[in-house]
Amino acid sequence: MLAAFLDDIRDHDLIAPKRMADRLRLPVSRLAKLAHLNRNTMTARPESPAVQAKLGEIARIITRAAEMTGDEGRAIIWFRHQPIAGFGKTAEQLVEQGHADAVMGTLESMEQGVYA
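When we follow my numbering, the leftmost residue of the sequence shown carries the number 6, and every step to the right adds one.
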């Protein structure tokens, strides 16, 4: 299941922006905004280290959430729609605001049984 998500968003060893957008059910322009990337740069130069790093953050969050929920679909729904306690915002909103680290911290706390 998780291997399918990672396989589906990759083109060889790179995260493919269009594939990731499709899996997250987002327009490519929304994914670019979420990742703080220029849409044209993201699609024209997906091999760029900056593009791969930003998309990698999102992929790690989805993968970690899917490991916890046991389902990629639930992880994506959580990422896009479920406000995180203590923040009052979704993981998607927090990532867009530059707080991917806070989302990963929340997932780590949840994995340890802290549900604030």
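Ideal placement from N, C-alpha and C gives every residue a C-beta, glycine not left out.
These numbers come from a predicted model, not from an experiment.
Count the other C-beta atoms from every protein chain shown that fall within 10 angstroms of the C-beta of residue i, then say buried if there are 16 or more, exposed otherwise.
{"i": "residue 105", "result": "buried"}
{"i": "residue 96", "result": "buried"}
{"i": "residue 52", "result": "exposed"}
{"i": "residue 22", "result": "buried"}
If contacts are defined as beta-carbon pairs under 8 Å, then residue i and residue j qualify, I think. What distance do you get, rounded to the angstrom?
{"i": "residue 81", "j": "residue 67", "result": "6 Å"}
{"i": "residue 26", "j": "residue 36", "result": "4 Å"}
{"i": "residue 116", "j": "residue 73", "result": "6 Å"}
{"i": "residue 77", "j": "residue 38", "result": "That belief does not hold up - the Cβ atoms of residue 77 and residue 38 are roughly 22 Å apart, past 8 Å."}
{"i": "residue 109", "j": "residue 79", "result": "18 Å between Cβ atoms; not a contact."}
Just the Cα atoms here: how many angstroms apart are residue i and residue j?
{"i": "residue 9", "j": "residue 91", "result": "32 Å"}
{"i": "residue 33", "j": "residue 103", "result": "18 Å"}
{"i": "residue 13", "j": "residue 113", "result": "25 Å"}
{"i": "residue 44", "j": "residue 71", "result": "26 Å"}
{"i": "residue 107", "j": "residue 99", "result": "8 Å"}
{"i": "residue 50", "j": "residue 11", "result": "20 Å"}
{"i": "residue 41", "j": "residue 75", "result": "28 Å"}
{"i": "residue 56", "j": "residue 28", "result": "17 Å"}
{"i": "residue 60", "j": "residue 85", "result": "15 Å"}
{"i": "residue 15", "j": "residue 24", "result": "7 Å"}
{"i": "residue 83", "j": "residue 118", "result": "17 Å"}
If you measure from the CB of residue i, is any heavy atom of the ligand FAD nearer than 7 Å?
{"i": "residue 42", "result": "Ligands are entirely absent from the displayed structure, and the ligand FAD is therefore not among its contents."}
With a floor of 3 residues, list each beta strand (DSSP E) that falls wholly inside the region 25 to 53, ordered by position along the chain.
none
Taking the runs of the alpha helix (DSSP H) that are 4 residues or longer, which of them lie wholly in the region 86 to 111?
96 to 101
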